[in-house]
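Heads up: the protein sequence lines correspond to chains D and A, in order. Quick note on numbering: the working numbering labels position 143 of the first sequence as 440, and the sequence is numbered without any gaps. Quick note on numbering: the working numbering labels position 111 of the second sequence as 408, and the sequence is numbered without any gaps.
Protein chains: 2
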Amino acid sequence: MRDYGFGVDIGGTTVKIALFKADGELEEKWEIPTRTEDGGRHIVSDIAKSVLSCMERRGALPERFLGIGVGVPGPVAGDGSASAVNLGWHGEHVAERLLELTGLPARVENDANIAALGEQWMGRGRGAASLVMVTLGTGVGGGIIVNGRILSGAHSAGGEIGHIPVEPSETRPCNCGNCGCLEQYASANGCVRLARDILSSSCKESALRAAPELNSKVIWERALGGDELAGEIVDRFCWYLGRGLATVADVVDPEIILLGGGVSRVGEPLVERVTAVFRKSAFPACRNTPIAVAVLGNDAGIYGAMRLLLVD
Amino acid sequence: MRDYGFGVDIGGTTVKIALFKADGELEEKWEIPTRTEDGGRHIVSDIAKSVLSCMERRGALPERFLGIGVGVPGPVAGDGSASAVNLGWHGEHVAERLLELTGLPARVENDANIAALGEQWMGRGRGAASLVMVTLGTGVGGGIIVNGRILSGAHSAGGEIGHIPVEPSETRPCNCGNCGCLEQYASANGCVRLARDILSSSCKESALRAAPELNSKVIWERALGGDELAGEIVDRFCWYLGRGLATVADVVDPEIILLGGGVSRVGEPLVERVTAVFRKSAFPACRNTPIAVAVLGNDAGIYGAMRLLLVD
Chain D
298 MRDYGFGVDI GGTTVKIALF KADGELEEKW EIPTRTEDGG RHIVSDIAKS VLSCMERRGA
358 LPERFLGIGV GVPGPVAGDG SASAVNLGWH GEHVAERLLE LTGLPARVEN DANIAALGEQ
418 WMGRGRGAAS LVMVTLGTGV GGGIIVNGRI LSGAHSAGGE IGHIPVEPSE TRPCNCGNCG
478 CLEQYASANG CVRLARDILS SSCKESALRA APELNSKVIW ERALGGDELA GEIVDRFCWY
538 LGRGLATVAD VVDPEIILLG GGVSRVGEPL VERVTAVFRK SAFPACRNTP IAVAVLGNDA
598 GIYGAMRLLL VD
Chain A
298 MRDYGFGVDI GGTTVKIALF KADGELEEKW EIPTRTEDGG RHIVSDIAKS VLSCMERRGA
358 LPERFLGIGV GVPGPVAGDG SASAVNLGWH GEHVAERLLE LTGLPARVEN DANIAALGEQ
418 WMGRGRGAAS LVMVTLGTGV GGGIIVNGRI LSGAHSAGGE IGHIPVEPSE TRPCNCGNCG
478 CLEQYASANG CVRLARDILS SSCKESALRA APELNSKVIW ERALGGDELA GEIVDRFCWY
538 LGRGLATVAD VVDPEIILLG GGVSRVGEPL VERVTAVFRK SAFPACRNTP IAVAVLGNDA
598 GIYGAMRLLL VD
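Pasting the structure below:
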């Protein structure tokens, strides 16, 4: 009986690995460093060793394992080959190599997608057949679940919510090369960028002008503390995010929308403001779609990776 | 052996009905009037009569039929109840009534969705597992197919592409109540609206100023004939449509995007202009997604309705 599996989430500095029961119970989790040297060619063998040593330590037979689910920080092509600038990977055949090294079948997906799948399986999206999750970090990542499955897209670009065009007047390019992407405003970096623009175009007083470092945490703290200009900055941030989420809802109409990533730690004040904009911008039928903060945090990826082994 | 089925597409003035073989061969098609009087309560029984009389005429046993697939011009709730302002329907249980009246099982979906499914099955999207179809008529309709299935959404609002917000500066409301929806620019009505705005804000000469009637056909004809101002209007039209499609591609990343509806009769000049804008706005990975004109025309709906009976 195959009642165990491994969920692996490869990040730029550490690889998170977890042993799960098939029912979603997390038995054990640990981390190993991500060795990005030599074009990242040690990463997969390091994971294989770590997995094998866990099995050995537990005296567990391979027959008990569904396999290894893996999330990578980059696009995964239709043939399963993964690319990730941060790891030095250009079309790495992760699943084949893991099978070779461990004897266990493996499935590989993009990390934003597995985070969404993890939240849908065991997190804030439990019970929902469809959801959209946006990860508000340095950039804006996105994952979409429809009928319990990841919407990967024909070119691994499904859920690239950070790059929907939201500002026609933008002249400075996004990392992707386009201008006016959601990520240019509704990410941690975007928040700072909005702050710089608003601070320089206004002559209002603000505690932010004296802040030793301008980051999204400080901006939100000042806004919630009553600083008027900081309030304008977060309103603008939420305006972009709320309209972006309304756009996504008009396209895929999910049961629930989840916010994850560093900026989501703001919690309710963020959810309230974004929801207010969302309700004014979304198509009437999906205007009441709940927006909530994701709950699995950094573990969403390992949960989603394990879940990959359970959905066909 | 169940090797036949009926595809039914209910419109505001006529109901299209077709007898299909399960392999997609269209055996026979005809139309009956849509009787919208008395809150549209005769529509389903008219369809049942028409279907039964076809079976009788052919001496075909019910055992040979997969059932009746139906497209309706409005949202279909999760429980199968259909609403349609044009028909006077508010939560009509179409499938239950058809089963009662004909003995055949029925499946019901929104008409924009079945048009997309029809094109994916037997039209321009044949061979593609995923596609997005936008219908450029009086408004902008949308249907999304992922893994060969309709993306209906949690509130029947999946694929409501006409209502994604594309113009933050808009102050006049769309039919849906929001401001700046794609449909306000990239539909036949939207094209006329853009024309009025551009004609009144410019003092350039244009043959359109003397046109007895301003409609999207005339505007495109003049633009393709070299009229400069008409050219500006269609460029603006294509700018909105291209950016809207780029947005949808960044979310669902389909294999192909199809344009249907009256405005799509413009053909290649429309496709070329929209594609040029799309390539500048879409996320790099999906920048080369083909955009093409749908081929089944008004029959897309009956094909898609039949297809409903074949996908689980």
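Even for Gly, the Cβ is constructed at its ideal location relative to N, Cα and C.
Item: Short Cβ contact (8 Å threshold) for ILE495/A with LEU479/A; Value: no
Item: In DSSP terms, what ASN407/A is bridged to; Value: VAL369/A
Item: Proximal residues of chain A, C-beta to C-beta of PHE580/D below 7 Å; Value: ALA454, GLU457, HIS460 and CYS473
Item: Three-state secondary structure (DSSP) of GLY400/D; Value: coil
Item: Reduced DSSP secondary structure (H/G/I, E/B, other) of GLU480/A; Value: helix
Item: Exposure label - GLU334/A; buried when at least 16 CB within 10 Å; Value: exposed
Item: Continuous beta strand (DSSP E) stretch holding ILE461/D: start and end; Value: Note, ILE461/D: premise wrong, no beta strand (DSSP E); not H, not E.
Item: Burial state of ALA546/D (16 or more Cβ within 10 Å); Value: buried
Item: LEU570/A burial status per 10 Å Cβ neighbour count (16 or more: buried); Value: A small fix is needed here, since residue 570/A is Arg in this sequence, not Leu. Buried, since its Cβ has 16 or more Cβ neighbours within 10 Å.
Item: Residue-level contact to chain D via CB, GLY440/A, 8 Å cutoff; Value: no
Item: Within-8 Å CB hit, ARG533/A to chain D; Value: no
Item: Contacts that THR544/A makes with chain D (C-beta to C-beta distance below 8 Å); Value: ILE461, PRO462, THR544 and VAL548
Item: Proximal chain D residues relative to SER427/A, where beta-carbon distance stays under 7 Å; Value: ALA451
Item: Near-chain D residues of the stretch 356 to 372 of chain A - C-beta to any C-beta below 7 Å; Value: PRO372
Item: Simplified DSSP state of ALA379/D, which is helix, strand or coil; Value: strand
Item: Those residues which DSSP pairs with ALA589/A across a bridge; Value: LEU555/A
Item: Contact residues within the stretch 326 to 356 of chain D, judged by C-beta distance below 9 Å to chain C; Value: The chain labelled as chain C is not found among the protein chains of the depicted structure, namely D and A.
Item: Cβ contact (3+ pairs, closer than 8 Å) linking the stretch 404 to 423 of chain A and the stretch 575 to 595 of chain A; Value: yes
Item: Reduced DSSP category for PHE580/A - H, G, I as helix; E, B as strand; rest coil; Value: coil
Item: Status (buried if at least 16 other CB within 10 Å, exposed otherwise) for GLY523/A; Value: exposed
Item: Backbone CA spacing between ILE554/A and ARG506/D [nearest angstrom]; Value: 47 Å
Item: DSSP three-state assignment for PRO509/D, whether helix, strand or coil; Value: coil
Item: Residue-chain proximity (CYS500/A, chain D), Cβ-Cβ < 8 Å; Value: no
Item: Chain-ordered chain D contacts of ARG267/A [CB-CB under 8 Å]; Value: Absent from the model: residue 267/A. The displayed extent of chain A is 298 to 609, so no value can be given.
Item: Short Cβ contact (8 Å threshold) for ALA527/A with CYS583/D; Value: no
Item: Option in SER578/A, TRP386/A and PHE575/A with minimal Cα separation from GLY308/A; Value: TRP386/A
Item: Helix, strand or coil at ASP532/D [DSSP, three-state]; Value: helix
Item: Cβ of GLU406/D within 8 Å of any chain A Cβ; Value: no
Item: Proximity test, Cβ basis, 8 Å: VAL443/A and chain D; Value: yes
Item: CA-to-CA distance, ALA597/D to GLN417/D, given in whole angstroms; Value: 9 Å
Item: Nearest-angstrom Cα separation, counted from MET419/D out to VAL531/D; Value: 30 Å
Item: Collapsed DSSP secondary structure at THR311/D in the structure displayed; Value: strand
Item: Pick from ASN407/A, GLU353/A and GLU324/A that is closest to GLY377/A, judged by C-alpha positions; Value: ASN407/A
Item: Exposure label - LYS501/A; buried when at least 16 CB within 10 Å; Value: exposed
Item: Closest Cα partner of PHE534/D within the set THR544/D, VAL560/D and VAL549/D; Value: VAL560/D
Item: Contact with chain A by LEU448/D, beta-carbon distance below 8 Å; Value: yes
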